[in-house]
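Novice: My questions all concern the structure below.
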Amino acid sequence: MEQVKHQLDKHQVGKVTLNEPLNKYTTIKIGGPADIFIEPDGIEGLKKTISILGQEKIPIRVIGRGSNLLIPDEGIRGAVIKMGTGMDHIEEMGSKIRVGAGYPLVKLATVMSRKGKKGLAFAGGIPGSVGGAVYMNAGAHGSDISNILTRAHILFPDGTLEWLSNAEMKFSYRTSVLQSERKGYCVEAELQLEEGDPDTITEEMKTYKDYRRKTQPWSHPCAGSIFRNPLPHYAGKLVEEAGLKGYQIGGAKISDLHGNFIVNTGTATYKDVICLIQHIKTVIKEKYHVDMQTEVEIVS
Ligand SMILES: Cc1cc2nc3c(=O)[nH]c(=O)nc-3n(C[C@H](O)[C@H](O)[C@H](O)COP(=O)(O)OP(=O)(O)OC[C@H]3O[C@@H](n4cnc5c(N)ncnc54)[C@H](O)[C@@H]3O)c2cc1C
């Protein structure tokens with residue numbers, strides 16, 4: 340990997356480190372080292388990185404703000420590319436904005452609300468990046484990213500860059516085309532916002548945030564919703580009705596506040612969380628004959 344780092348450094352792609360611990364980059368604070376970790380300093384840096392890693396046949400995993408990820412304590416073999424600073428440009432074009440994949444969603448919602456740009460209030464409590472939100476079609480409070488995205492700029496592993504329209508992104512509940520048919524890296528998104536009153540938008544966001552603080556854990560690290568809602572059921576409600584709230588394996592505990600959140604009480608390992616997820620699945624299947632599908636992405 341030293342040689343690959345040398346090549347990447349020579350091309351000044353951004354920050355490159357070896358054996359970087361990933362628990363620093365996940366909201367649940369779990370994850371061992373990545374063999375090589377790159378934070379590209381722009382689209383060109385990312386393109387060059389993908390090209391060099393491709394030539395060296397090094398597997399690549401892209402992360403945003405790590406708010407939907409469970410990474411093994413042994414870490415990730417190969418390269419992890421973090422879309423963060425360097426990929427967080429923003430450009431306003433009237434009611435449209437073009438924003439880099441590394442831009443934090445919460446910050447975007449806050450900045451836009453102050454400017455009286457409407458459409459992102461739902462995102463004020465989602466701790467992901469713009470790219471992660473596009474990949475996941477992140478949403479809350481009856482809206483999601485697909486409601487405001489006009490097109491997404493995608494870099495494909497062969498080095499081609501393409502703008503995909505909202506329709507081409509094939510958004511659905513917590514999913515997009517990037518998860519299946521067209522695996523690629525979102526480098527920026529174009530969003531269509533409406534004009535609104537800054538105070539009204541800020542008030543709406545505050546209502547959502549207050550609701551979250553009452554219903555979701557905020558004092559311990561977690562990775563958001565563990566399961567997709569097995570509609571017409573709600574995952575959290577099923578877990579609660581099964582009497583599992585507060586159940587703990589090692590340092591991983593089902594939140595006392597919300598049945599669909601697992602918190603790291605301080606010492607949780609990847610294995611603790613996996614065992615707890617399996618336990619929930621088994622109990623829910625036995626009690627309600629429902630198959631629970633994970634929403635959190637489990638890296639194996
Ligand atoms: C407290 C808390 C509350 C949450 N509430 C919500 C909620 O209300 N609604 C909701 O939808 N989610 C919620 N989440 C989950 C999470 O914030 C979202 O899924 C978010 O979209 C993930 O973005 P990220 O940048 O953190 O992605 P990561 O966790 O870093 O990565 C998740 C996946 O996205 C991929 N990815 C990331 N960036 C890119 C990119 N640029 N291009 C292509 N693929 C990429 C990764 O490869 C990975 O597969 C919550 C999480 C937490 C911790």
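Taking my numbering, the leading residue of the sequence shown gets 340, the next gets one more, and so forth. Note that CB positions come from ideal geometry on N, CA and C, so glycine has one too. All values reported here derive from a predicted model rather than from experimental measurement.
Taking the continuous beta strand (DSSP E) assigned at His322, which residues delimit it?
Specialist: Outside the displayed range of the chain (340 to 639) lies residue 322, so it cannot be described from this structure.
Novice: When burial is assigned at 16 or more other CB atoms within 10 Å of the CB, is Ser511 buried or exposed?
Specialist: So Ser511 counts as exposed.
Novice: With respect to the beta strand (DSSP E) encompassing Tyr319, which residues constitute its N-terminal and C-terminal limits?
Specialist: Since the first residue shown for the chain is 340 and the last is 639, residue 319 is missing from the structure and cannot be characterised.
Novice: Is the beta carbon of Gly381 less than 8 Å from the beta carbon of Gly425?
Specialist: In this structure, Gly425 lies closer than 8 Å to Gly381 by Cβ.
Novice: If contact is defined by three or more beta carbon pairs under 8 Å, each pair taking one atom from either stretch, is the stretch 583-591 in contact with the stretch 519-533?
Specialist: Not touching, per the Cβ criterion.
Novice: Can you tell me the Cβ-Cβ gap for Glu431 and Gly371, rounded? I've got them flagged as a contact below 8 Å.
Specialist: Their Cβ separation, rounded to whole angstroms, is 40 Å, which puts Glu431 and Gly371 out of contact at 8 Å.
Novice: Between the alpha carbons of Glu527 and Arg437, how many angstroms are there, rounded?
Specialist: Taking the straight line joining both Cα atoms gives about 7 Å.
Novice: Taking just the CA atoms, how far does Ile391 sit from Gly384?
Specialist: Computed Cα separation, rounded: 11 Å.
Novice: With a Cβ-Cβ cutoff of 8 Å, do Leu583 and Thr554 count as a contact?
Specialist: Not in contact: Leu583 and Thr554 (Cβ atoms no closer than 8 Å).
Novice: By the DSSP assignment, the alpha helix (DSSP H) with Asp538 in it spans what residues?
Specialist: That run of the alpha helix (DSSP H) goes 537-554.
Novice: Is Pro466 near ligand 1, with its Cβ less than 7 Å from a heavy atom?
Specialist: Pro466 Cβ: within cutoff of ligand 1.
Novice: Using the beta-carbon count (16 or more within 10 Å), is Tyr550 buried or exposed?
Specialist: So Tyr550 counts as exposed.
Novice: Report the residue from Thr621, Lys620, Tyr609 whose alpha carbon sits nearest the alpha carbon of Leu651.
Specialist: Not covered by the structure: residue 651. The range shown for the chain is 340 to 639.
Novice: Identify, in the order they occur along the chain, each residue of the same chain with its Cβ nearer than 8 Å to the Cβ of Ile565, setting aside the five sequence neighbours on each side.
Specialist: Taken in chain order, the residues that qualify are Ala574, Asn599, Phe600, Ile601, Ile616, Ile619, Thr633, Glu634, Val635.
Novice: Write down every uninterrupted run of the beta strand (DSSP E) in the stretch 439-499 whose length is 3 residues or greater and which is fully enclosed by it, in chain order.
Specialist: If we require 3 residues or more, the beta strand (DSSP E) runs fully inside the stretch 439-499 come out as 488-494.
Novice: Taking 7 Å as the cut-off, is the C-beta of Ile436 nearer than that to any heavy atom in ligand 1?
Specialist: The answer is no for Ile436.
Novice: Tell me which residues share the same chain as Pro537 and place their Cβ nearer than 6 Å to its Cβ, disregarding the 5 neighbours each side in the sequence.
Specialist: So the list reads Arg453, Gly455, once near-sequence residues are dropped.
Novice: When the distance is taken between beta carbons, is Ile399 closer than 8 Å to Ile429?
Specialist: Cβ atoms of Ile429 and Ile399: not closer than 8 Å.
Novice: Check whether the stretch 480-487 touches the stretch 454-469, taking contact to mean three or more Cβ pairs, one atom from each stretch, closer than 8 Å.
Specialist: Yes: at least three Cβ pairs fall under 8 Å.
Novice: Here's the rule I'm using: 16 or more other beta-carbon atoms within 10 Å means buried, otherwise exposed. How should Pro466 be labelled?
Specialist: Pro466 comes out buried.
Novice: Out of Gly403, Ile415, Asp427, Glu529, point me to the one whose CA is closest to Tyr364's CA.
Specialist: The candidate whose alpha carbon is nearest that of Tyr364 is Gly403.
Novice: Compare the Cα-Cα distances from Phe495 to each of Val516, Phe376, Thr356, Asp348 and report the closest residue.
Specialist: Checked all of Val516, Phe376, Thr356, Asp348; the closest Cα to Phe495 is Val516.
Novice: If Ala581 and Ile623 are in contact, beta carbons under 8 Å, what's the gap, nearest whole angstrom?
Specialist: Between Ile623 and Ala581 the Cβ distance is about 6 Å, and since that is below 8 Å, they are a contact.
Novice: Thinking C-alpha only, which one of Asp611, Tyr627, Glu625, His628 is nearest Pro411?
Specialist: If we check each option's Cα against that of Pro411, Asp611 comes out closest.
Novice: Which residues does DSSP list as the beta-bridge partners of Thr356?
Specialist: Phe376, per the DSSP bridge assignment.
Novice: Check whether chain B comes within 8 Å of Lys421, counting only Cβ atoms and requiring the distance to be less than that.
Specialist: Absent here is chain B; the protein component of the structure consists of one chain.
Novice: What is the DSSP secondary structure of Asn362, reduced to helix, strand or coil?
Specialist: Residue state, collapsed to three classes: helix.
Novice: Going by beta carbon distance, what residues of the same chain come within less than 7 Å of Met451, once the five residues before and after it are set aside?
Specialist: Counting only Cβ-Cβ distances below 7 Å, and skipping sequence neighbours, we find Leu459, Leu532.
Novice: What are the boundary residues of the beta strand (DSSP E) that includes Ala418?
Specialist: From DSSP, the beta strand (DSSP E) with Ala418 extends over 415-421.
Novice: Whole angstroms are fine: how far does the CA of Met508 sit from the CA of Ala342?
Specialist: This sequence places Gln at residue 342; Ala is not what is there. So the alpha carbons of these two residues sit roughly 37 Å apart.
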